[in-house]
Every structure is written in structure tokens, then in C-alpha cells.
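For the protein sequence lines, the chains are G and S, in the order given.
Per our numbering, the very first residue in the first sequence carries number 126; after that it's consecutive.
Per our numbering, the very first residue in the second sequence carries number 126; after that it's consecutive.
Ideal Cβ positions, reconstructed from N, Cα and C, are used throughout, including at glycine.
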Amino acid sequence: AQSVTQPDIHITVSEGASLELRCNYSYGATPYLFWYVQSPGQGLQLLLKYFSGDTLVQGIKGFEAEFKRSQSSFNLRKPSVHWSDAAEYFCAVVRGGSNYKLTFGKGTLLTVNP
Amino acid sequence: DGGITQSPKYLFRKEGQNVTLSCEQNLNHDAMYWYRQDPGQGLRLIYYSQIVNDFQKGDIAEGYSVSREKKESFPLTVTSAQKNPTAFYLCASSDSFGKPQHFGDGTRLSIL
Chain G
126 AQSVTQPDIH ITVSEGASLE LRCNYSYGAT PYLFWYVQSP GQGLQLLLKY
176 FSGDTLVQGI KGFEAEFKRS QSSFNLRKPS VHWSDAAEYF CAVVRGGSNY
226 KLTFGKGTLL TVNP
Chain S
126 DGGITQSPKY LFRKEGQNVT LSCEQNLNHD AMYWYRQDPG QGLRLIYYSQ
176 IVNDFQKGDI AEGYSVSREK KESFPLTVTS AQKNPTAFYL CASSDSFGKP
226 QHFGDGTRLS IL
């Protein structure tokens with residue numbers, strides 16, 4: 126079965142520092158990959174997506190992610206974190222052969238220190 | 126602006142009671158979904174619908190029911206058979222296979 130692993134449950138960084146959130150997936154073919162962000166008590170907002178082509182994708186709010194097939198990874202990065210980036214981040218993959226259905230990782234909670 | 130509206134934002138259920146969560150979208154999307162979110166568990170799929178008058182069970186459908194009588198509406202009923210209903214419920218929609226899902230702001234359900 127397909128799965129998505131976010132190894133870090135909680136990450137704390139200082140404002141202005143760089144950020145990398147890890148995501149690994151298990152899936153035979155090239156999946157469709159997504160990163161979402163969730164502020165407390167809110168729904169999820171799409172940050173970026175990868176379908177095919179260039180393996181480095183740019184998203185909103187200054188985020189980017191790189192698809193590495195050899196490592197089955199899709200890590201999210203930001204060069205300089207802002208206090209407003211504090212939220213929970215979810216990696217997700219569309220399951221093959223089962224239209225529309227996403228499998229989500231369990232999320233990484235980001236805390237930003239001033 | 127187009128989007129997904131979930132109501133109410135907070136809901137309380139008594140023992141033995143069924144409650145219905147509303148989800149409406151004006152994005153003209155064909156597919157709609159219901160997820161349950163528990164702390165540290167990510168999102169788990171309850172039900173999804175690819176087209177009007179059709180829906181499929183997700184991973185945790187027991188104790189829940191849905192209907193899809195209109196393209197824009199996909200209400201979720203939490204029945205008394207769901208013994209642990211306390212959670213944050215999220216509705217989403219997408220327009221076709223592989224396209225990103227758009228989410229509502231959620232409904233938090235608690236037991237009285």
C-alpha cells in the first residue's frame with residue numbers, strides 16, 4: 126500500500142533561518158505530490174504540487190520542493206522563515222489507480238522562534 | 126470568490142444522536158471528499174464522490190453516511206454508530222483526477 130512518511134513530528138527554527146521539511150513516499154510509479162499548510166483551526170492550503178517535468182517546483186509564500194525519484198522524497202524548503210510560517214505542514218500523494226484519492230502524511234508542526 | 130463552505134464551525138453531539146455537517150462548493154468541481162483529522166494522525170478519508178448521485182467509502186467509513194444529490198453539496202452525517210466522533214472534519218473538492226484538492230475551514234465536532 127502506498128504511504129507517506131514525514132519523519133519529523135515537530136521542528137523549531139529561528140526566524141530568518143532556513144527550513145527543510147522531509148517527506149518520503151512509497152509508491153511504484155511516479156506519483157503526483159503535494160504540500161499543504163494548515164494554520165490552527167483552519168482548513169488546508171495548497172503550497173505547491175509536482176506532476177511531472179522539472180523536479181524543483183516553486184510554490185506560494187516563498188516555498189519550494191524538490192522531487193528526488195532515487196530517494197522517493199519530496200522535501201519542502203524555504204531559505205528564510207518568517208514568524209507567520211508557524212503552522213502544520215502536510216505532504217500528500219495521489220494514490221495510483223484510485224482516482225482522486227490522496228494519502229496524507231501525519232504532518233510536521235513548525236514552531237518559529239523570534 | 127469561489128470556495129468551499131463548511132457549517133457549522135463547531136458542533137456538539139449528544140449520546141445516540143445523529144448530526145449532519147454541511148459542505149457546499151461553488152467551484153463547479155465534480156469530486157468532493159470528507160476527511161477526519163485527529164491530533165498526530167494526519168487526515169483520513171471517510172467518503173468521496175466523483176460525480177452526482179455516486180459516492181464511495183474511504184478508509185474509515187463506519188459510522189458515517191453521505192449523500193450527493195447536487196453537484197455543489199456533499200453533507201456528512203455522523204451517526205450514533207460512530208462511537209468516537211470527536212474530531213475535526215474537513216471537506217474538500219477537486220475538478221479532475223490528480224488535480225489539487227481545495228479545502229473548507231472545517232467543523233469541530235465534540236460530544237456533550
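- The stretch 192-210 of chain G makes contact with the stretch 131-144 of chain G: 3 or more CB pairs, one atom from each, lie closer than 8 Å.
- For the stretch 211-229 of chain S, residues whose beta-carbon sits nearer than 7 Å to a beta-carbon of chain G comprise L215, S219, F222, G223, P225, Q226, F228 and G229.
- When secondary structure is reduced to three states using DSSP, G:K203 falls in the strand class.
- At a cut-off of 8 Å, the C-beta of G:K193 has no neighbouring C-beta in chain S.
- DSSP places S:Q142 in the coil class of the three-state scheme, outside both helix and strand.
- Taking C-alpha positions only, S:A156 is separated from S:S219 by approximately 5 Å.
- Between G:G230 and G:Y175, the alpha-carbon positions lie close to 16 Å from each other.
- When C-alpha distances from S:S235 are compared across S:R138, S:I129, S:G127 and S:V177, the shortest belongs to S:R138.
- Among the residues of chain G, those whose CB is under 7 Å from the CB of S:G167 are F215, F229, G230, K231 and G232, following chain order.
- S:Y173 has a beta carbon lying within less than 8 Å of a beta carbon in chain G.
- If you check each beta-carbon in the stretch 145-179 of chain G against every beta-carbon of chain S, the ones closer than 9 Å belong to Y157, F159, Y161, Q163, G166, Q167, G168, L169, Q170, L171, K174 and F176.
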